[in-house]
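For what it's worth, our numbering labels the leading residue of the sequence shown as 255, then goes sequentially.
Built from N, CA and C at the ideal position, the CB exists for glycine as well.
Here the structure is a predicted model, which means the values were calculated and not measured.
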Amino acid sequence: MSKKKIILILFILLNHCGFSPVYNSEQKSEFNITISGIAGDNYINSLMTNKLKNKNNKVSENQFNLTISNNYKKTVILKDTKGSPSEYELSLETSVFIEKDEENMKTVLFNEKQIIKNISDPFKLKNYENTIKENFVDSTIRKLKFELINFE
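Right under this line is the structure:
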């Protein structure tokens, strides 16, 4: 019973305190993005380009020019007794140079890491690695969108 009262009180307080989600402002979250350059892993580049094009709104007043550079690494961090890799660390470091106009420029850096166990089937390992790359890109795009919303 007391949990219900606490939830009700929190709901009432948060509903009337002026709280609004970051992505609630549709006008600020619509962008016209131009990618002037992209370098790094080809698979990641194509994913980023496609996902940014999906978020693009040609009529928006928020125009950004982006130069993207990513560095993807797959590092062996643990080997078994035979010397075969048993765990990998996958990491993606993405640097984005944001230019809104001649005076407003900024460089942001995003890092993503994950440790995976080796899979004996190379096809399954490659598919799993590609899935993780897609997750890295999704996370990076979310963080980039947040940076663009708060760009001054």
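| Query | Result |
| --- | --- |
| By alpha-carbon positions, which one of 295, 350, 310 ends up nearest to residue 320? | 350 |
| Can you list, in chain order, the residues of its chain with a C-beta nearer than 6 Å to that of residue 348? Leave out the 5 residues immediately preceding and following it. | 324, 364, 394 |
| In whole angstroms, give me the CA-to-CA distance for residue 310 and residue 288. | 9 Å |
| Between which two residues does the alpha helix (DSSP H) carrying residue 377 extend? | 376–403 |
| Can you tell me which of the three DSSP states residue 349 falls into? | strand |
| Taking 6 Å as the limit between beta carbons, can you name the residues of its chain near residue 344, skipping five residues before and five after? | 328, 368, 386 |
| Just verifying my parser: in three-state terms, what is the DSSP assignment at residue 281? | With a pLDDT of 49 at residue 281, under the threshold of 50, the predicted position of this residue should be treated as unreliable, and no value is reported. |
| Can you give me the C-alpha to C-alpha distance between residue 281 and residue 306, rounded to a whole angstrom? | Note that residue 281 has pLDDT 49, beneath the 50 cutoff, so the model's placement of it is unreliable and the number below is only indicative. Rounded to the nearest angstrom, the two C-alpha atoms are 17 Å apart. |
| From what residue to what residue does the beta strand (DSSP E) around residue 314 run? | Here residue 314 belongs to no beta strand (DSSP E), and DSSP marks it neither H nor E. |
| Can you have a look at residue 313 and say buried or exposed, based on whether 16 or more other CB atoms are within 10 angstroms of its CB? | exposed |
| Determine, using beta carbons only, whether residue 301 and residue 391 come nearer to each other than 8 Å. | yes |
| Bridge partners for residue 310 per DSSP, in chain order? | 285 |
| Please state the DSSP three-state secondary structure of residue 329. | strand |
| Use the C-beta contact count for residue 366: other C-beta atoms within 10 angstroms, 16 or more gives buried, fewer gives exposed. | buried |
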